[in-house]
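Scroll down for the structure; my scribbles are underneath it.
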Amino acid sequence: MRKVAIVGIGHGKFGVRSDASLRELVFEAVKGCLDDSGLSLREVDSMVTGVAGDEFSFGIQPSAQVHDYIGFHPKPNFRVEAACATGSAALRTGWMTITSGLADIVLVVGVEKMTEVPTSTATEIMGRAGDATWEYPFGTTFPGYYAMIANAHMAEYGTTEEQLARVAVKNHYYGSLNPYAQMQKEITLEKAVTSFTVAYPLKLYDCSLITDGAAAILLASEEKAKSISKKPVWVAGLGCGTDAMRLGDRKSLTSLEATREAAKIAYKMAGVGPSDIDVATVHDCFTIAEVVAYEDLGFCEKGEGGKLIEAKETYVGGRIPVNVDGGLKSKGHPLGATGVSMAIEITKQLRGEADQRQVKNAEIGLTHNVGGSGQVSFIHIFRRQ
Amino acid sequence: MEFKNFSLFISQTKVNRFADDLAGGKIMSTLCKKCGKQYYPPQADCPSCMGSDMEWKEIKTEGKLLTFTKIHVPPEHFAVRQPLMPFSSIQFEPCPIGILEVEKGLPVMGWIPKMDVKRIKVGMKMKASPFTLPDGKITIVLEVV
Ligand SMILES: CC(C)(COP(=O)(O)OP(=O)(O)OC[C@H]1O[C@@H](n2cnc3c(N)ncnc32)[C@H](O)[C@@H]1OP(=O)(O)O)[C@@H](O)C(=O)NCCC(=O)NCCS
Ligand SMILES: [Zn+2]
């Protein structure tokens, strides 16, 4: 199989970007990505665009808005979608395009423009990522699904609201050090545990943000990568797993089988295990999701996720630094962009360009990106060489 | 009975009868005639044996609560459109929901109208029943037995 590397990264500012439209957000990210790689779009063979919701962008073909605006036509571009894991699905598609031999250099774009609609509409759109026939009639929302996971986890393992809040405190701390983050603001434990309830027991600070933003990376085949970049970051393993649509039909309510399956495949392909990972970005759409991810990815034993954050083992300097870019919690979660943004953070870490957030000598990094309430999960493992 | 009276948005399905039975006081599942697998929510097709010859069967209604929540930031439909959140006064006050396991592999989602969320516990014994709302919509409620 052909080897594939990340040879360029571009990250727009995440936030309430009332100054820019979907296509304009993409332009910023693509421009940054080309500058970073030293390539021009003429040298790029193919493109993949990740956008999760048409309902945010009022169009059924957001990918065309994007390739039109950056002038990429007539070369290949189409949209991929996997709810909140859309960005990782796009990266995987880009990787397949190169390994299949269809292209040598592929631009992977992820974007979402979520604040064009009010929160109640966004909540409704996202809530339908559950089962629109059998769950939605009970007023389910995204925070609602993860709240049900949280209550099950608390009942089974004694995980506490305070432990969950500690995830928010960590991620806000790192967000404060990330210039691209939506909320560059530290918070106290007190503030997190006393914030208003969104879906019991999850409170405001347990939730990720509603975000506008775009991110872009360039993938290249081995031969091209070596000539384009002095510090290519290699895609060493990819895993994808799925699970039942409805929470009630899952084997477990306290872990995501989709993640466990994806992790097994990705670790095997990369020839590494959880203890080899130097730095990870995991899907903290809600604080409980980060705790469950620690367990599902094998960073700790099942049920020990709350203790792992309590012991600060997921800070830089700890056993396994997680979401030291601020995570979805404070960097923001523009659905389609998130998976690409995660890969960018790992690329920076492995290149040694993460400034104050740098994990010393990071060699191997992992991204974990979940679609919906756990219906699909993508894991990518990257290596410096 | 229109299926939408239960589902709110989805109107076309092969298991339309579910809504009729619910209005008639019964929570129904489907059972595959060929391999015997039971489905709740009901399915018209059986992925276990790829058959589509199903019969209807009433489910047991008592079981233990798998999990629950109370959603304070509701989707638009429940916040600003009719009907308002079921079991709430005009002033918006959300109602907890939960998932009840009535038999292994048969999870029933429902509203928990009569309880303070802090008193709801995973593992509680509860009973699921059909419920007709004032606006004619039909749904399911869970109550402590
Ligand atoms: C929690 C949530 C409902 C809050 O939205 P909202 O009520 O519209 O909040 P507003 O935009 O009115 O913001 C109110 C304040 O809270 C802040 N805020 C909003 N969401 C926040 C969050 N998740 N965490 C921390 N602060 C938040 C805002 O910055 C604002 O602060 P300010 O008053 O100092 O400017 C919303 O952020 C949400 O739904 N998050 C989850 C997103 C989701 O489900 N994503 C998919 C997951 S896979
Ligand atoms: Zn069958």
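Chains as they are written, first to last, in the numbering used here: chain B, 6 to 390; chain D, 2 to 146. Ideal Cβ positions, reconstructed from N, Cα and C, are used throughout, including at glycine.
Quick check: is any heavy atom of ligand 1 less than 7 angstroms from the C-beta of residue i?
{"i": "B/His78", "result": "no"}
{"i": "B/His338", "result": "yes"}
{"i": "D/Cys33", "result": "no"}
{"i": "B/Thr124", "result": "yes"}
{"i": "D/Cys96", "result": "no"}
{"i": "B/Thr91", "result": "no"}
{"i": "B/Ile215", "result": "yes"}
{"i": "B/Cys305", "result": "no"}
{"i": "B/Leu209", "result": "yes"}
{"i": "B/Val198", "result": "no"}
{"i": "B/Pro148", "result": "yes"}
Can you tell me the Cβ-Cβ gap for residue i and residue j, rounded? I've got them flagged as a contact below 8 angstroms.
{"i": "B/Glu166", "j": "B/Pro206", "result": "5 angstroms"}
{"i": "B/Lys190", "j": "B/Ser181", "result": "6 angstroms"}
{"i": "B/Glu262", "j": "B/Asp248", "result": "5 angstroms"}
{"i": "D/Ala20", "j": "D/Phe4", "result": "5 angstroms"}
{"i": "B/His16", "j": "B/Gly37", "result": "6 angstroms"}
{"i": "B/Ala204", "j": "D/Lys71", "result": "7 angstroms"}
{"i": "B/Met274", "j": "B/Ile215", "result": "B/Met274 to B/Ile215, Cβ: 34 angstroms. No contact."}
{"i": "D/Leu143", "j": "D/Ala129", "result": "5 angstroms"}
{"i": "B/Ile222", "j": "B/Gly13", "result": "6 angstroms"}
{"i": "B/Gly20", "j": "B/Asp217", "result": "7 angstroms"}
{"i": "B/Glu121", "j": "B/Phe61", "result": "6 angstroms"}
{"i": "B/Tyr299", "j": "B/Gly308", "result": "Between B/Gly308 and B/Tyr299 the Cβ distance is about 10 angstroms, and since that is not below 8 angstroms, they are no contact."}
{"i": "B/Thr259", "j": "B/Ile154", "result": "7 angstroms"}
{"i": "B/Val9", "j": "B/Trp100", "result": "5 angstroms"}
Thinking just about the alpha-carbon of each residue, which of the options is nearest to the one in residue i?
{"i": "B/Ala156", "options": "D/Leu66, D/Glu144 and D/Lys115", "result": "Reading off the sequence, residue 156 of chain B comes out as Asn, not Ala. Considering only alpha carbons, the answer is D/Leu66."}
{"i": "D/Glu104", "options": "B/Asp289, B/Ala367, B/Val321 and B/Asp254", "result": "B/Asp254"}
{"i": "B/Ala220", "options": "B/Leu302, B/Val113 and B/Ala241", "result": "B/Val113"}
{"i": "B/Thr126", "options": "B/Gln168, B/Leu313, B/Phe63 and B/Phe83", "result": "B/Phe63"}
{"i": "D/Gly111", "options": "D/Leu101, D/His73, D/Tyr40 and D/Val123", "result": "D/Leu101"}
{"i": "D/Cys33", "options": "D/Leu9, D/Lys58 and D/Thr14", "result": "D/Lys58"}
{"i": "B/Ile351", "options": "B/Leu333, B/Lys334, B/Gly331 and B/Thr372", "result": "B/Thr372"}
{"i": "B/Gly332", "options": "B/Gly379, B/Phe304 and B/Ser213", "result": "B/Ser213"}
{"i": "B/Leu224", "options": "B/Met6, B/Phe387 and B/Ile103", "result": "B/Ile103"}
{"i": "B/Leu23", "options": "B/Lys256, B/Glu117 and B/Glu48", "result": "In the sequence on display, residue 23 of chain B carries Ser and not Leu. For B/Ser23, the nearest C-alpha among the options comes from B/Glu117."}
{"i": "B/Val297", "options": "B/Ala359, B/Asn374 and B/Gln187", "result": "B/Asn374"}
{"i": "B/Met52", "options": "B/Gly244, B/Thr259, B/Met250 and B/Leu96", "result": "B/Leu96"}
{"i": "D/Asn17", "options": "D/Met2, D/Ile28 and D/Gly26", "result": "D/Met2"}
{"i": "D/Cys96", "options": "D/His78, D/His73 and D/Gly106", "result": "D/His73"}
{"i": "B/Gln271", "options": "B/His288, B/Gly246 and B/Thr259", "result": "Before going on, a small fix: residue 271 of chain B reads as Ala here, not Gln. For B/Ala271, the nearest C-alpha among the options comes from B/Gly246."}
{"i": "D/Gly64", "options": "D/Lys126, D/His78 and D/Phe132", "result": "D/Lys126"}
{"i": "D/Gln13", "options": "B/Ala137, B/Ile384 and B/Met159", "result": "B/Ala137"}
{"i": "B/Trp139", "options": "D/Pro135, D/Pro76 and D/Val109", "result": "D/Val109"}
Mind listing the chain D neighbours of residue i? Cutoff is C-beta to C-beta under 9 angstroms, in chain order.
{"i": "B/Ala225", "result": "Here the premise fails: no neighbours, minimum Cβ distance about 40 angstroms."}
{"i": "B/Met153", "result": "Leu67, Thr68, Phe69, Thr70, Ile98, Gly99 and Ile100"}
{"i": "B/Ser200", "result": "Simply none; closest approach about 12 angstroms."}
{"i": "B/Val203", "result": "Ile72, His73 and Val74"}
{"i": "B/Ala294", "result": "Near B/Ala294 there are no residues of chain D at all, since even the closest Cβ is about 14 angstroms away, more than 9 angstroms."}
{"i": "B/His126", "result": "The sequence shown places Thr at residue 126 of chain B, rather than the His named in the question. Those are Pro76 and Glu77, listed as they occur along chain D."}
Which residues in chain B sit within 9 angstroms of residue i, going by Cβ to Cβ distance?
{"i": "D/Gly124", "result": "Ala160"}
{"i": "D/Phe10", "result": "Arg133, Ala137, Thr138, Tyr141 and Pro142"}
{"i": "D/Val145", "result": "Chain B residues near D/Val145: none, gap ~16 angstroms exceeds 9 angstroms."}
{"i": "D/Pro131", "result": "Those within 9 angstroms of D/Pro131 in chain B number zero; the least Cβ separation is about 13 angstroms."}
Mind pulling the chain D residues with CB within less than 7 angstroms of residue i?
{"i": "B/Asp254", "result": "Pro108"}
{"i": "B/Leu258", "result": "Leu67 and Thr68"}
{"i": "B/Glu60", "result": "Chain D residues near B/Glu60: none, gap ~11 angstroms exceeds 7 angstroms."}
{"i": "B/Glu300", "result": "Near B/Glu300 there are no residues of chain D at all, since even the closest Cβ is about 17 angstroms away, more than 7 angstroms."}
Please compile the residues from chain D whose C-beta is within a distance smaller than 8 angstroms of the C-beta of residue i.
{"i": "B/Gly149", "result": "Thr70, Ile72 and Ile98"}
{"i": "B/Glu129", "result": "Pro76, Glu77 and His78"}
{"i": "B/Asn328", "result": "Result: empty, since nearest Cβ-Cβ is about 23 angstroms, beyond 8 angstroms."}
{"i": "B/Ala157", "result": "Leu67, Thr68 and Val123"}
Which residues in chain B have a C-beta closer than 8 angstroms to the C-beta of residue i? List them in chain order.
{"i": "D/Trp112", "result": "Phe143"}
{"i": "D/Val118", "result": "Tyr205"}
For residue i, go through chain A and note every residue whose CB falls closer than 8 angstroms to its CB, in chain order.
{"i": "B/Thr146", "result": "Among the chains of the structure shown, chain A does not appear; the protein chains present are B and D."}
Compute the minimum distance between the beta carbon of residue i and the heavy atoms of ligand 2, and state whether it is under 7 angstroms.
{"i": "D/Ser30", "result": "no"}
{"i": "D/Gly52", "result": "yes"}
{"i": "D/Lys58", "result": "no"}
{"i": "D/Ser49", "result": "yes"}
{"i": "D/Lys15", "result": "no"}
Can you name the residues of chain B whose CB is closer than 7 angstroms to the CB of residue i?
{"i": "D/Thr140", "result": "Pro142"}
{"i": "D/Pro42", "result": "Trp139"}
Practice item. Determine, using beta-carbon pairs with one atom in the segment 13-33 of chain B and one in the segment 84-97 of chain B, whether at least three such pairs fall under 8 angstroms. Key: no
Exercise for review: Evaluate the contact criterion for the segment 226-242 of chain B versus the segment 100-116 of chain B: three or more CB pairs, one atom per stretch, below 8 angstroms.
Suggested key: yes
Review point. Would you say the segment 338-353 of chain B touches the segment 51-62 of chain B, given that touching needs at least three Cβ pairs under 8 angstroms?
Key: yes
Practice item. State whether the segment 265-280 of chain B contacts the segment 138-152 of chain B, with contact taken as three or more CB pairs (one from each stretch) at a distance under 8 angstroms. Key: no
Practice item. Report yes or no: do three or more beta-carbon pairs, one from the segment 318-332 of chain B and one from the segment 358-369 of chain B, lie closer than 8 angstroms? Key: yes
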